[in-house]
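Colleague:
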Amino acid sequence: MKKSIIMLLFSALLLFLIPMYTHAATNQTKIILDGQELILPNDVEVVNVRSNIMIPIRVVAENLKFNVNWDQKTQNVHIQQGSNAISLTVGKDEALVENNTVKLNIAPQMIKNTVFVPIRFVSEEMGLRVSWNNKDKIVTLTSNTLPSPPSNGNGNEAATNLVHEINYANNQLVVQLDHEVTPIITTLKNPERIVVDFPSTDFGNMVQVPSTGSMGRLDTSEFPNVTEIRYSLFKNDPAQVRIVIELNNVSSVNYNQQTNAGKFILDLSMENDPAPTTPVNSGKKIVVIDPGHGGSDPGTTSFTKKHEKHFALALSLKVQALLQQESDIEVIMTRETDIYPTRSERVKLANDLKADVFVSIHGNSVPSAPQVTGTETFYYQRASSKELAKLIHKNLIKAIGLYDRGVKNGNFQVIRETKMPAVLLEVGFLSNKSDEEAMMSETFQNKAAQAIVDGIKEYLKL
Ligand SMILES: [Zn+2]
46 MKKSIIMLLF
56 SALLLFLIPM
66 YTHAATNQTK
76 IILDGQELIL
86 PNDVEVVNVR
96 SNIMIPIRVV
106 AENLKFNVNW
116 DQKTQNVHIQ
126 QGSNAISLTV
136 GKDEALVENN
146 TVKLNIAPQM
156 IKNTVFVPIR
166 FVSEEMGLRV
176 SWNNKDKIVT
186 LTSNTLPSPP
196 SNGNGNEAAT
206 NLVHEINYAN
216 NQLVVQLDHE
226 VTPIITTLKN
236 PERIVVDFPS
246 TDFGNMVQVP
256 STGSMGRLDT
266 SEFPNVTEIR
276 YSLFKNDPAQ
286 VRIVIELNNV
296 SSVNYNQQTN
306 AGKFILDLSM
316 ENDPAPTTPV
326 NSGKKIVVID
336 PGHGGSDPGT
346 TSFTKKHEKH
356 FALALSLKVQ
366 ALLQQESDIE
376 VIMTRETDIY
386 PTRSERVKLA
396 NDLKADVFVS
406 IHGNSVPSAP
416 QVTGTETFYY
426 QRASSKELAK
436 LIHKNLIKAI
446 GLYDRGVKNG
456 NFQVIRETKM
466 PAVLLEVGFL
476 SNKSDEEAMM
486 SETFQNKAAQ
496 AIVDGIKEYL
506 KL
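The sequence shown lines up with residues 46 to 507 when you count with our numbering.
In structure tokens form, the structure reads like this:
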């Protein structure tokens, strides 16, 4: 169902992207809203500011029957429809939409005593269509989903490209087209989205062609970082296919694009949010694995000048993979890539999850004494942590065979401030030549990972 027209208008304005060919639009611009030409105040025109088409917001919002309030002092426009509110400020490229911060491509501007906003600001979910006819200087806004004329209608065919297939796997969006086209790609926040617009493109003989004004969706249930991928015919005349990838628990995303014989490939690389936003299902034991350091914090430097953070992550991911095979365990990582969650964030994650076990994984180092070697395991005060430490340590020593430095009380934040049984493993000395050589090997890491898992399972009596 439609949420409200306010979201609709604003998302469409926000998302609207069209190629711009000319300098500022000046004379006799028009805004058509649902087939009706809006009467613009004296001298007010649609303007083109650095390729952003901007429209006077008040006249549009009021014609959509919204309440519009202007605060001269704060230069704020408040638009209200029912319980939905939008707040924009002149000169500020962030708006509030239903209390979420939304980034604008270009800040609202005051021109001739009228506030102008970029024509890119409406929920694509609502399907409000916006188009800009650069030749005739007409903005067309459609707030409903009236059936559009068929695309092979009135002899208005530009050479239209066709989409035949859309797939997503391995962090890649693959779109099969008749011929090469360069899409326009926009990223949006809250939630993190990537909008891919294919100009002069319509749907070909796809398995599922969405009807005009509606959305098709890909099955993304296997991909935890993807909320959904939807595709639609965003507009007609010329046709434009839009694909929106909405991401989940992702703190940032980068992409690479390539085109190959009509195949468009968008390669995503994502960084996960350190904190999951969904509670973990109950019934399973929750094990938080914390790969030490990461991102801007490299940790210590090894004998051959490698970073501890990479060792910690490599081993932790092996532990994760093993724990994922345990039906009674839910494994949560504080990081799965080279990012740096703060220690407080790691603690908070584990505490918020009410985790059953917390294991922080590190490599040790005394560069001034490269002969120092061996495995040591830390706990902080709690008897439960000490018990967990003993069990993991015992398994580690047996499996990896480094010198046994023992189980120790250690005052580290991640084991001190977490509330569950928590340990910090110093698996070996990266500053020691032979420890390091072993620690960097896959065989060693696999053995160590298995030992850590065995210790955790022993502690949890699984
Ligand atoms: Zn460390």
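Glycine included, each C-beta is placed from N, C-alpha and C at the ideal position.
Small disclaimer: the values here were computed from a predicted structure and weren't measured.
Can you name the start and end residues of the beta strand (DSSP E) that residue 116 belongs to?
Modeller: On the sequence shown, residue 116 is found 71 positions in, with the first residue counted as 1. Taken as a continuous stretch (DSSP letters only), the beta strand (DSSP E) holding residue 116 covers 112-116.
Colleague: I need the straight-line Cα distance from residue 271 to residue 296, nearest angstrom please.
Modeller: For the purposes of this step, residue 271 is taken as the residue at position 226 of the sequence shown. For the purposes of this step, residue 296 is taken as the residue at position 251 of the sequence shown. Going from the Cα of residue 271 to the Cα of residue 296 covers about 12 Å.
Colleague: Closer than 6 Å: is that where the CB of residue 503 sits relative to any heavy atom of ligand 1?
Modeller: On the sequence shown, residue 503 is found 458 positions in, with the first residue counted as 1. No, the Cβ of residue 503 stays beyond 6 Å of every heavy atom of ligand 1.
Colleague: Could you pull the start and end residues of the alpha helix (DSSP H) that residue 488 belongs to?
Modeller: Working through the sequence shown from its first residue, we reach residue 488 at position 443. Per DSSP, residue 488 belongs to the alpha helix (DSSP H) from 487-505.
Colleague: When the Cα atoms are used, what is the spatial distance from residue 155 to residue 364?
Modeller: Reading the sequence shown from its first residue, position 110 is the one you call residue 155. Reading the sequence shown from its first residue, position 319 is the one you call residue 364. If you take the alpha carbons of residue 155 and residue 364, they lie about 57 Å apart.
Colleague: Please go through the same chain and pick out, in chain order, the residues whose beta-carbon is closer than 6 Å to the beta-carbon of residue 418, but skip the five residues on each side of it.
Modeller: Your numbering for residue 418 matches position 373 in the sequence shown. 448, 474, 477 and 480, listed in sequence order.
Colleague: Of the choices 404, 441 and 143, whose alpha-carbon is the least far from that of residue 508?
Modeller: With the chain covering only 46 through 507, there is no way to say anything about residue 508.
Colleague: Ligand 1 and residue 353: does any heavy atom of the ligand fall closer than 6 Å to the residue's C-beta?
Modeller: The residue given as residue 353 occupies position 308 in the sequence shown. Result yes, Cβ under 6 Å from ligand 1.
Colleague: Does DSSP put residue 396 in a helix, in a strand, or in coil?
Modeller: In the sequence shown, counting from the first residue as 1, residue 396 sits at position 351. Reduced to three states, the DSSP call for residue 396 is helix.
Colleague: For residue 483, which beta-bridge partners are listed by DSSP?
Modeller: Indexing the sequence shown from 1 puts residue 483 at position 438. According to DSSP, residue 483 bridges with nothing at all.
Colleague: Buried or exposed: where does residue 186 fall if 16 or more other Cβ atoms within 10 Å of its Cβ makes it buried?
Modeller: Here residue 186 refers to the residue found at position 141 of the sequence shown. Its Cβ being crowded by 16 or more others within 10 Å, residue 186 is buried.
Colleague: Taking 6 Å as the cut-off, does the CB of residue 500 come closer than this to any heavy atom belonging to ligand 1?
Modeller: For the purposes of this step, residue 500 is taken as the residue at position 455 of the sequence shown. Not so, every heavy atom of ligand 1 lies at least 6 Å from the Cβ.
Colleague: Going by beta-carbon coordinates alone, are residue 500 and residue 440 separated by less than 7 Å?
Modeller: Numbered from 1 along the sequence shown, position 455 holds the residue referred to as residue 500. Numbered from 1 along the sequence shown, position 395 holds the residue referred to as residue 440. Yes, the Cβ-Cβ distance between residue 500 and residue 440 is below 7 Å.
Colleague: Should residue 398 go down as buried or exposed, given a rule of 16 or more other Cβ atoms within 10 Å for buried?
Modeller: Indexing the sequence shown from 1 puts residue 398 at position 353. So residue 398 ends up on the buried side.
Colleague: Return the chain-ordered ranges of every beta strand (DSSP E) run that is complete within the stretch 373-426 and spans a minimum of 3 residues.
Modeller: The qualifying runs are 374-378, 402-409 and 420-424.
Colleague: In the DSSP assignment, what are the bridge partners of residue 210?
Modeller: On the sequence shown, residue 210 is found 165 positions in, with the first residue counted as 1. Looking at the DSSP assignment, residue 210 forms a beta bridge with 221.
Colleague: Indicate the three-state DSSP secondary structure (helix, strand or coil) for residue 348 in the structure shown.
Modeller: Your numbering for residue 348 matches position 303 in the sequence shown. Note: residue 348 maps to coil in three-state DSSP.
Colleague: Can you give me the C-alpha to C-alpha distance between residue 241 and residue 222, rounded to a whole angstrom?
Modeller: Working through the sequence shown from its first residue, we reach residue 241 at position 196. Working through the sequence shown from its first residue, we reach residue 222 at position 177. Looking at the two C-alpha atoms, the distance is approximately 14 Å.
Colleague: For ligand 1, which residues count as neighbours when the test is a C-beta closer than 5 Å to any heavy atom?
Modeller: Result: 337, 344 and 407.
Colleague: Among residues of its own chain, excluding the 5 on either side of residue 225, which ones have a beta-carbon nearer than 7 Å to its beta-carbon?
Modeller: As a position in the sequence shown, residue 225 is number 180, starting the count at 1. Around residue 225: 304 and 307.
Colleague: Please name the residue, chosen from 232, 92 and 502, that lies closest to residue 434 on a Cα-to-Cα basis.
Modeller: For this step, residue 434 is matched to residue 389 along the sequence shown. The shortest Cα separation from residue 434 among 232, 92 and 502 belongs to 502.
Colleague: If we count the other Cβ atoms within 10 Å of its Cβ and call it buried at 16 or more, is residue 146 buried or exposed?
Modeller: Within the sequence shown, the letter at position 101 stands for residue 146. Exposed, because fewer than 16 other Cβ atoms sit within 10 Å of the Cβ of residue 146.
Colleague: On a CA-only basis, which of 421, 288 and 274 is nearest residue 437? Give me that one, please.
Modeller: Residue numbering aside, residue 437 sits at position 392 when the sequence shown is read from its first letter. The shortest C-alpha separation from residue 437 is found at 421.
Colleague: Would you check if the distance between the CB atom of residue 113 and the CB atom of residue 124 is smaller than 7 Å?
Modeller: In the sequence shown, residue 113 corresponds to position 68, counting from 1. In the sequence shown, residue 124 corresponds to position 79, counting from 1. It is a contact, given that the beta carbons lie within the stated cut-off.
Colleague: My output table needs one value for residue 141: the three-state DSSP class, helix, strand or coil.
Modeller: Residue 141 sits at position 96 when you count from the first residue of the sequence shown. Strand at residue 141.
Colleague: Please list the terminal residues of the continuous beta strand (DSSP E) segment that includes residue 277.
Modeller: Taking the first residue of the sequence shown as 1, we reach residue 277 at position 232. Here the beta strand (DSSP E) through residue 277 covers 271-280.
Colleague: My assumption, with CB atoms under 8 Å, is that residue 357 sits in contact with residue 337. Please give the rounded CB distance.
Modeller: Position 312 of the sequence shown, counting from 1, holds the residue named residue 357. Position 292 of the sequence shown, counting from 1, holds the residue named residue 337. Sure, about 4 Å apart at Cβ, within 8 Å.
Colleague: Would you mind stating whether residue 243 and residue 228 have Cβ atoms separated by less than 7 Å?
Modeller: Numbered from 1 along the sequence shown, position 198 holds the residue referred to as residue 243. Numbered from 1 along the sequence shown, position 183 holds the residue referred to as residue 228. Their beta carbons are under 7 Å apart, which means residue 243 touches residue 228 by this criterion.
Colleague: Note the first and the last residue of the continuous alpha helix (DSSP H) segment covering residue 157.
Modeller: In the sequence shown, the residue the question calls residue 157 occupies position 112. Here residue 157 belongs to no alpha helix (DSSP H), and DSSP marks it neither H nor E.
Colleague: Assign residue 246 to buried or exposed, taking buried as 16 or more other Cβ atoms, counted over all protein chains shown, within 10 Å of its Cβ.
Modeller: Reading the sequence shown from its first residue, position 201 is the one you call residue 246. Residue 246 comes out buried.
Colleague: Closest to residue 251 by C-alpha separation, out of 301, 401 and 220, would be which residue?
Modeller: Your numbering for residue 251 matches position 206 in the sequence shown. Nearest C-alpha to residue 251: 220.
Colleague: If you reduce the DSSP assignment to three classes, tell me which class residue 431 lands in.
Modeller: Residue mapping note: residue 431 aligns to position 386 of the sequence shown, counting from 1. Residue 431 falls in the helix class under three-state DSSP.
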